[in-house]
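Count along the sequence shown starting at 1, add 491, and that's the number in the working numbering.
The C-beta atom is built at its ideal place from N, Cα and C for all residues, glycine as well.
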Amino acid sequence: SKSNNYKLFLLKNIEKYFDEGKTKVIVSYGEKGLAIFHFKVSWINKPFVLTNTEFSINLIDKIWGKHDVVKIFDLDDEQQYNALKKYLSKYDTDKSTKFNEVMGEFYNRVDYAIFNFGKDISFKNALTDMGKIYIKFGKPVNKKRVFSKKNNIMEIWKYNKPSRKFVFIDKTGLGNYTLIK
């Protein structure tokens, strides 16, 4: 700061080593000493559903059936989010990073359901039959729309791994699909 000499550091993939919140990075460079940087780490593409921690916790119980998650509700709001991250850390596939890929994928699927499986954008869309199947199994390998004998719209989703087929029907024509098979 006392001269016009600037030091530029390029730290590739550094984000995977930090959790959200305040962070301190200490960089040593040769004999000249240390540089200390303080900054806040944010999850740039953080799923929308995580703005409602209580609903996010509830989804684990409703989608996965993990009843041990309910004890998190006894904590205050800030503690709930940290407890949620800690709870989901047991499903993390890459323990060498701070980013939990399973948590990210789960809540990105929830966001997709919120934005795509209802007439409007609503948290309740994640709890529709289509929403629950999408969250649990992801994007189907094949989707097909057909008409039933009674002229109702049916949508068929196929998955390869695991091998599954789901049939939804919309009896009203308003996009309200229910799982029938």
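Return helix, strand or coil for residue i, following the three-state DSSP convention.
i	result
S580	helix
I554	helix
G521	helix
E569	helix
F638	strand
L665	coil
V674	Here the chain comprises residues numbered 492 to 672, so residue 674 is not present and cannot be evaluated.
I671	coil
V632	coil
K656	strand
K531	strand
S492	With a pLDDT of 49 at S492, under the threshold of 50, the modelled position of this residue cannot be trusted; read the value that follows with caution. Coil.
Over the uninterrupted alpha helix (DSSP H) stretch that includes residue i, give me the two end residues.
i	result
A604	E592 to N607
K589	Per DSSP, K589 belongs to no alpha helix (DSSP H) and is neither H nor E.
K625	Lys is not the amino acid found at residue 625; the sequence shown has Tyr there. Per DSSP, Y625 belongs to the alpha helix (DSSP H) from D620 to F628.
If contacts are defined as beta-carbon pairs under 8 Å, then residue i and residue j qualify, I think. What distance do you get, rounded to the angstrom?
i	j	result
E646	R655	Actually they do not touch by this definition, with Cβ atoms about 14 Å apart.
L541	Y598	6 Å
I605	F530	Actually they are not in contact, since the Cβ atoms of I605 and F530 sit about 30 Å apart, beyond 8 Å.
I563	Y578	7 Å
With a CB to CB cut of under 7 Å and the five nearest residues on each side skipped, what residues in its chain are close to residue i?
i	result
S639	M645 and I660
Y658	It should be noted that the sequence gives Val, not Tyr, for residue 658. These residues qualify, in order along the chain: M645, I647, I671 and K672.
Where does the unbroken beta strand (DSSP E) through residue i begin, and where does it stop?
i	result
I612	Careful: I612 lies outside any beta strand (DSSP E) and carries neither H nor E.
Y508	It is not in any beta strand (DSSP E) - Y508 carries neither H nor E in the DSSP assignment.
K649	I644 to Y650
Enumerate in chain order the residues of its own chain whose CB-to-CB distance from residue i is below 6 Å, with the five nearest sequence positions on each side excluded.
i	result
N633	K649
Tell me which same chain residues have a C-beta within less than 8 Å of the C-beta of residue i, skipping the five on either side of it?
i	result
T588	K507 and Y508
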